[in-house]
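One point on numbering: in the UniProt record's numbering, the residue at position 4 of the sequence shown is 4, and numbering is uninterrupted.
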Amino acid sequence: MLDALARSDVRAAGALLTPDVEWRNTGLPTVRGHHVRRAFNAMVRSGMSFSVVTHHRAADDGVVLTDRTDVLGIGPLRSVFPVRGTFVVRDGRIAVWDDQFSMRQFLVGFFRRLPSGAT
Numbered sequence: 001m002l003d004a005l006a007r008s009d010v011r012a013a014g015a016l017l018t019p020d021v022e023w024r025n026t027g028l029p030t031v032r033g034h035h036v037r038r039a040f041n042a043m044v045r046s047g048m049s050f051s052v053v054t055h056h057r058a059a060d061d062g063v064v065l066t067d068r069t070d071v072l073g074i075g076p077l078r079s080v081f082p083v084r085g086t087f088v089v090r091d092g093r094i095a096v097w098d099d100q101f102s103m104r105q106f107l108v109g110f111f112r113r114l115p116s117g118a119t
């Protein structure tokens with residue numbers, strides 16, 4: 001699913017989610033159901049970029065844990081930050097997507113390397 005998002009393939013990513021999916025992110029409201037797919041579409045329409053490097057993945061009894069580095073881009077700015085993700089899988093589709101990360105690292109990442117000429 002993350003690879004589909006990195007390709008901006010919202011349709012493929014959405015197909016891997018249950019209709020009642022919950023998307024949880026540290027410090028942000030939980031997004032549920034069709035609102036998750038709407039958020040994916042909004043990200044792509046806004047020009048936001050996403051890439052991911054998965055360092056570790058473990059799965060047991062319908063739960064997948066990931067230790068990864070996410071890269072979110074908005075225009076010329078990029079934030080690179082570590083994420084611990086938990087995916088609860090039901091009937092082969094993601095029912096809960098819970099990402100935990102430092103909001104400080106996420107926000108500071110956008111300003112760590114300002115593009116040349118930025119003030």
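For every residue, glycine included, the Cβ atom is placed at its ideal position computed from N, Cα and C.
Close-in-space but distant-in-sequence residues of the same chain around residue i (CB under 8 Å, 5 per side omitted)
i	result
residue 18	90, 91, 93, 94 and 95
residue 6	50, 51 and 52
Simplified DSSP assignment, three categories, for residue i
i	result
residue 72	strand
residue 5	helix
residue 17	strand
residue 107	helix
residue 101	coil
Beta-carbon proximity list for residue i, same chain, < 7 Å, skipping 5 on both sides
i	result
residue 53	68 and 69
Inter-residue spacing [alpha-carbon to alpha-carbon] between residue i and residue j
i	j	result
residue 24	residue 112	26 Å
residue 1	residue 29	21 Å
residue 76	residue 8	17 Å
residue 27	residue 60	27 Å
residue 38	residue 99	18 Å
residue 103	residue 110	11 Å
C-beta contact flag for residue i and residue j at 8 Å
i	j	result
residue 81	residue 101	yes
residue 79	residue 40	no
residue 21	residue 44	no
6 Å CB neighbourhood of residue i in its chain, flanking five on each side removed
i	result
residue 58	65
residue 74	48
residue 87	64, 94 and 97
residue 4	12 and 13
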